[in-house]
Structure formats: structure tokens, C-alpha cells
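Enquirer: Here the sequence shown stands for residues 34 to 464, numbered as in this note's numbering.
Note that the Cβ used here is the ideal one computed from N, Cα and C, for glycine as well.
Handing you this structure, nothing more for now.
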Amino acid sequence: MTETQKTATLTIDGESYELPIYSPSAGPDVLDIRKLYGTAGVFTYDPGFTSTASCDSTITFIDGGKGELLHRGYPIDQLAEKSHYLEVCYLLLNGELPSAAELEEFENIVTRHTMIHDQMHYLFRGFRRDAHPMAIMVGVVGAMSAFYHDSTDITDPRQREIAAFRLIAKMPTIAAAAYKYSIGQPFVHPRNDLDYASNFLHMCFSVPAEEYQINPILARAMDRIFTLHADHEQNASTSTVRLASSSGANPFACVAAGIACLWGPAHGGANQACLEMLGEIGSVDRIPEFIARAKDKNDPFRLMGFGHRVYKNFDPRAKVMKQSADEVLELLGVENNPKLQVAKALEEAAINDPYFAEKKLFPNVDFYSGIILEAMGFPTSMFTPIFALSRTVGWVSQWKEMLNDPQNKIGRPRQLYLGETERDYTDIENR
Ligand code: CMC
């Protein structure tokens with residue numbers, strides 16, 4: 034963090050306070066208010082953290098105005114085109130692209146941690162058959178701290194490293210098992226001869242009764258979905274992981290907290306909600322009705338897959354996702370998929386509507402991902418678990434960065450209290 038010569042002056046009741054200003058390597062300057070309460074006795078107020086940098090980080094940078102996403106400086110479209118998920122995982126975790134030998138070693142370690150403890154299967158069986166796979170993921174990932182207690186000591190760098198590998202390697206196995214359980218099929222064990230994405234497809238779609246052929250184009254599309262979701266700086270679930278971790282909680286508990294946060298429809302749950310919305314719209318001629326509802330302040334309906342806290346331009350991930358959707362649907366011979374037709378027409382209608390233009394609401398990553406996943410055969414309930422497994426590396430990288438940060442301290446926001454001031458207890462007969 035570079036302290037510039039710049040400072041800001043804040044005046045309260047005629048008293049002035051100097052606040053240091055930091056210049057980041059990219060993005061807006063940052064005012065340091067850490068000493069403000071100690072010196073001026075006031076808090077800052079920022080619900081939703083719309084103007085607050087909660088940490089410093091070197092992992093991911095987003096320029097929302099330009100629609101740019103960089104991981105360790107590399108643009109997401111280049112990574113999606115030229116790299117693959119496990120290489121991006123290495124990059125996020127370690128800061129640099131790996132050499133061929135480093136990548137081979139990393140892939141080897143991840144591949145050899147994919148099996149889950151056999152007793153974990155009993156945990157799955159404890160859930161109701163119709164449980165949402167995200168409910169199962171929250172529970173099972175939290176329970177990893179009981180199964181892998183030997184990697185929960187966050188003060189030991191080796192245990193931290195093993196926990197990171199375990200989380201990245203086992204998450205597809207857990208997500209696939211949650212799916213298999215929900216459809217009443219036997220759990221499928223991972224195969225070490227398959228790459229990360231192919232192995233996930235194998236664990237989701239193969240059955241012991243017959244051989245399952247993995248289509249390399251679908252495996253590539255799956256890998257791209259993982260890559261596009263790998264990290265997104267200090268979003269709600271990542272901030273949840275960091276906040277949980279700030280108390281010294283173990284990594285499995287922290288990631289379970291991140292999964293819980295991701296589940297909401299304003300965050301990772303949007304891909305499920307978006308596909309359900311496209312189904313509800315049903316046909317292109319009903320689009321004006323739904324656009325009108327999205328604009329109506331008295332109607333809680335929002336266009337799912339549209340808008341973003343940071344992007345005020347096209348989400349660069351949505352562009353790649355749209356192209357991928359076209360490829361996958363063509364391959365599967367379902368180019369005329371009604372949801373894709375509705376999605377394309379809806380995107381066109383919204384982009385050309387002054388409401389969306391003025392508010393800078395563009396399609397986000399979730400707008401097209403659901404269409405690809407549905408075409409691949411995933412039910413909507415699996416969309417958010419797939420987001421969770423992809424984002425695990427982001428959570429783990431940010432967690433690792435935070436633990437190495439000497440400025441790391443417990444997260445403890447303050448509040449603007451508007452409740453009653455002190456009053457005496459009233460006995461029940463007098464109320
Ligand atoms: N449809 C209609 N109006 C919208 C939408 C939408 N999807 N999104 C925002 N607006 C309006 C909103 O009503 C508000 O209008 P006004 O200023 O008149 O009150 C204005 O745009 C700003 O919205 P906001 O809610 O203050 O913005 P935010 O930064 O707090 O919310 C968001 C960002 C992503 C939660 C929101 O755009 C949204 O709910 N989108 C739909 C859900 C979605 O697609 N989420 C996935 C996000 S990308 C994946 C991820 O990172 O998890």
C-alpha cells in the first residue's frame with residue numbers, strides 16, 4: 034500500500050482532521066479512515082459497503098465502468114480462451130502463471146485429493162431426499178472441519194496449504210454427490226485419469242450400469258464456466274469468508290459461510306432465478322410485459338441476470354458466456370431452445386430501453402450460464418452449487434491472502450443506532 038502525498042481534510046464542528054489517501058495500482062484512490070473514531074469520535078456510515086474498501090488485495094481487479102476483469106493482471110477473456118480452470122486456480126492462489134512442471138505438480142495434487150472420506154456419504158443420507166443441493170453443500174462443507182481436523186490449524190502454513198487443496202479438490206465431488214443423492218442415484222467416485230471438468234461431468238452424469246462418454250466440447254464449456262466464476266474480488270460471499278475467517282475460524286467453516294451467502298438470489302442464486310424467469314416469460318411476445326414489471330417501482334420483480342454493483346457496462350464474463358451458450362446449443366442441436374430465444378430477445382429489448390441504459394444495467398455472468406447448464410442436463414437447483422464449486426478457489430485465495438496480511442484483525446463494523454435510549458424495565462402487569 035503506497036501512501037501518497039495526498040490527504041483529505043474533514044472538518045467537523047470547526048475541527049479539522051487529516052486523512053491519508055492511498056493510491057492503488059489501479060482503481061480509485063482510497064481514504065484511510067481507520068483513526069477517525071479515535072481522533073474525531075465519529076463513525077462512517079456505509080450500509081452495503083458501496084464506498085468502502087474492506088481490505089487491500091493483489092488478486093483480482095474490476096473496472097466496472099470499462100467492463101474489465103483481471104486476475105493477477107490477466108484479462109478474463111484471455112484466460113477463458115487460452116487457459117483452463119486449474120491453471121487459473123494456480124494463478125489466483127500463487128500470483129503467477131505456473132511453469133509446465135509447476136502446473137503438472139499442482140494438477141497432480143488436486144487430482145489426488147478429490148475423494149471424500151467414505152463416512153461423509155452417511156451425512157448426505159441424513160438429508161431429506163428433496164433437499165436443495167445448496168443446503169447439502171452448506172452442511173457437508175461445514176462438516177469437513179470434523180472429517181479433516183488435521184488441516185484446521187490456521188497458524189500452521191502446511192495445514193493451511195492442505196486445507197486449500199482439499200477444498201478445491203473435493204468441492205466437485207461434494208456438489209456431484211449432493212446432486213446424485215437428490216435424484217436417487219448412487220454416488221459416483223472421482224476418476225484420477227480425467228481432468229477437473231470432465232471428472233465433474235462424470236461424477237454427475239455417469240451411472241454404474243453403463244459407460245458414460247464425456248463430450249470434450251461440453252467438458253471445455255464446463256471448464257469455462259468454472260473459470261469465469263473463479264474469483265470476483267470482495268463480493269458478498271468472499272467478504273463473508275473473510276469476515277468469518279477474521280475471528281480465526283477454520284477454513285471449512287469459513288467456506289461453508291461463503292456458500293450460505295452465495296445462495297441468495299441477489300448473488301449466486303441469480304443463475305437459477307434467471308432461468309426460472311426465462312421459463313416464466315415463456316415466449317418473446319411476453320417480453321414487454323416483463324420489462325414493464327421490472328421498471329415498475331411498485332412491483333418487486335427484477336430482471337434476473339441483469340445489473341451489477343460494480344459493472345456499469347457489459348460484464349466481460351457475460352460476453353464469453355453468451356458465445357459459449359451458442360457453441361453448446363449448436364453442438365447439442367438445440368439452437369432453437371425457447372429460453373435462449375427469449376434470453377436473446379430480452380437482452381436486446383433491455384439494452385435498448387432507456388430505463389436500463391440510464392441505470393447502466395447490463396447482462397451479468399448469470400444471464401447465459403443457466404442456459405448452458407440446462408442444455409448440459411443440469412437441473413436449475415444445481416446451478417448455484419456449480420457457482421460455489423467454481424468460486425471456492427477465489428474464497429480460498431482471498432482467505433490465504435488475508436491470513437498472510439499483517440494488518441489482519443477481527444472484522445467488527447459499528448452502527449448508527451436509532452433505537453430507544455436507556456429506559457427502566459416495566460413489570461408485565463403494568464404494560
Ligand atoms: N431489474 C430492474 N431494475 C434493477 C435491476 C434489475 N435486475 N437491478 C437494479 N435495478 C435498479 C434498481 O431498482 C435501482 O433503481 P433506483 O435507483 O431507481 O432505486 C437501480 O437499478 C440500482 O439498483 P440497486 O439495487 O441499488 O443496485 P445494487 O448495486 O445494490 O444491486 C444487484 C446489484 C446485482 C443486486 C441488482 O442489480 C440485482 O438485483 N440484479 C438481479 C439479480 C442478479 O442478477 N444478481 C447477480 C449478480 S452477478 C453474479 C454475482 O456476482 O453474484
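Using the Cα positions of Phe389 and Pro249, report the straight-line distance between them to the nearest angstrom.
Expert: C-alpha separation (whole angstroms): 38 Å.
Enquirer: Between Ile314 and the rest of its own chain, which residues show a CB-CB distance below 6 Å, the 5 nearest in sequence each way excluded?
Expert: Cβ neighbours of Ile314 beyond the five flanking positions: Phe323, Val375.
Enquirer: How would you call Ala445, buried or exposed, if buried means at least 16 neighbouring beta carbons within 10 angstroms?
Expert: Correcting the residue type first, residue 445 is Arg in the shown sequence and not Ala. Label assigned to Arg445: exposed.
Enquirer: On the three-pair Cβ rule with 8 Å, is the stretch 78-94 touching the stretch 427-434?
Expert: Yes, they touch.
Enquirer: Does the structure place the stretch 411-423 close enough to the stretch 292-306 that three or more beta carbon pairs sit under 8 Å?
Expert: Yes: at least three Cβ pairs fall under 8 Å.
Enquirer: CB Lys372 to CB Leu308, shorter than 8 Å?
Expert: Going by C-beta atoms, Lys372 is nearer than 8 Å to Leu308.
Enquirer: Around the C-beta of Asn385, are 16 or more other C-beta atoms found within 10 angstroms, so that it is buried, or is it exposed?
Expert: Burial call: exposed.
Enquirer: Less than 7 Å between C-beta atoms, sequence neighbours within five positions excluded: which residues of the same chain meet that for Thr40?
Expert: So the qualifying residues of the chain are Glu51, Leu52, Pro53, Ile54.
Enquirer: Which residues in the same chain have their Cβ closer than 6 Å to the Cβ of Gly301, if we skip the five residues on either side of it in sequence?
Expert: Once the five neighbours on either side are set aside, the close Cβ partners of Gly301 are Leu295, Thr417, Phe420.
Enquirer: DSSP on Leu451, reduced to helix/strand/coil?
Expert: Coil.
Enquirer: For Thr85, which of Gly100, Asp65, Tyr70 has the nearest alpha-carbon?
Expert: Comparing Cα positions, the closest option is Asp65.
Enquirer: Which residue wins for smallest C-alpha separation from Leu311, given the options Ser49, Leu126, Ser178, Glu380?
Expert: Out of Ser49, Leu126, Ser178, Glu380, Glu380 has the C-alpha closest to the C-alpha of Leu311.
Enquirer: Please classify Glu114 as buried or exposed, where buried requires at least 16 neighbouring CB atoms within 10 angstroms.
Expert: Glu114 should be labelled exposed.
Enquirer: Tell whether a beta-carbon distance below 8 Å holds between Val121 and Leu251.
Expert: In this structure, Leu251 does not lie closer than 8 Å to Val121 by Cβ.
Enquirer: Kindly indicate which three-state DSSP category Glu243 falls into: helix, strand or coil?
Expert: Note: Glu243 maps to strand in three-state DSSP.
Enquirer: I need the boundaries of the alpha helix (DSSP H) containing Thr72, first residue and last residue.
Expert: Thr72 -> alpha helix (DSSP H) spans 69-73.
Enquirer: If the criterion is Cβ atoms closer than 8 Å, does the pair Asp348 and Pro396 meet it?
Expert: Taking 8 Å as the Cβ cut-off, Asp348 and Pro396 qualify as a contacting pair.
Enquirer: Would you say Val398 touches the ligand CMC, meaning its beta carbon is less than 7 Å from a heavy atom?
Expert: For the ligand CMC, at least one heavy atom lies less than 7 Å from the Cβ of Val398.
Enquirer: Which ranges does the alpha helix (DSSP H) cover as unbroken runs of at least 4 residues, wholly within the stretch 263-350, from first to last along the chain?
Expert: Counting whole runs of 4 or more residues, the stretch 263-350 contains the alpha helix (DSSP H) stretches 269-279, 284-295, 303-314, 320-328.
Enquirer: Within 7 Å: the Cβ of His265 and any heavy atom of the ligand CMC?
Expert: It does: the Cβ of His265 is within 7 Å (strictly closer) of some heavy atom of the ligand CMC.
Enquirer: Please report the straight-line C-alpha distance between Gly281 and Arg326, rounded to a whole angstrom.
Expert: The straight-line gap from Cα to Cα measures roughly 45 Å.
Enquirer: Counting along the chain, where does the alpha helix (DSSP H) carrying His235 start and finish?
Expert: Looking at the DSSP string, the run of the alpha helix (DSSP H) that includes His235 is 229-238.
Enquirer: If I follow the unbroken alpha helix (DSSP H) through Asp110, where does it start and stop?
Expert: First-last of the alpha helix (DSSP H) with Asp110: 109-115.
Enquirer: On the DSSP letters alone, give me the boundaries of the beta strand (DSSP E) that Ser56 sits inside.
Expert: Per DSSP, Ser56 belongs to the beta strand (DSSP E) from 48-56.
Enquirer: Restricting to runs no shorter than 3 residues, where is the beta strand (DSSP E) found entirely within the stretch 159-211?
Expert: Counting whole runs of 3 or more residues, the stretch 159-211 contains no beta strand (DSSP E) stretch at all.
Enquirer: Would you grab the beta carbon distance between Tyr344 and Gly100 for me? Rounded to a whole angstrom, and I think it's under 8 Å.
Expert: Right, their Cβ atoms sit about 6 Å apart.
Enquirer: How many whole angstroms separate the CB atoms of His262 and Arg105, which I take to be in contact at a CB cut-off of 8 Å?
Expert: Wrong, their Cβ atoms sit about 16 Å apart, outside the cutoff.
Enquirer: On the three-pair Cβ rule with 8 Å, is the stretch 132-139 touching the stretch 208-226?
Expert: No contact exists between the stretch 132-139 and the stretch 208-226.
Enquirer: Looking at the ligand CMC, does it come within less than 7 Å of Arg342, judged from the CB to the closest heavy atom?
Expert: Flag set: Cβ of Arg342 near the ligand CMC.
Enquirer: Go ahead and label Lys68 buried or exposed: buried means 16 or more other beta carbons lie within 10 angstroms of its beta carbon, across all protein chains shown.
Expert: Exposed, because fewer than 16 other Cβ atoms sit within 10 Å of the Cβ of Lys68.
Enquirer: Grab the span of the beta strand (DSSP E) containing Thr93 for me, first residue to last.
Expert: Counting along the chain, the beta strand (DSSP E) containing Thr93 begins and ends at 93-96.
Enquirer: Closer than 7 Å to a non-hydrogen atom of the ligand CMC - does that hold for the CB of Phe339?
Expert: Within the cutoff, so yes.
Enquirer: Ser414 and His165: beta carbons closer than 8 Å?
Expert: Result yes, Cβ atoms of Ser414 and His165 sit closer than 8 Å.
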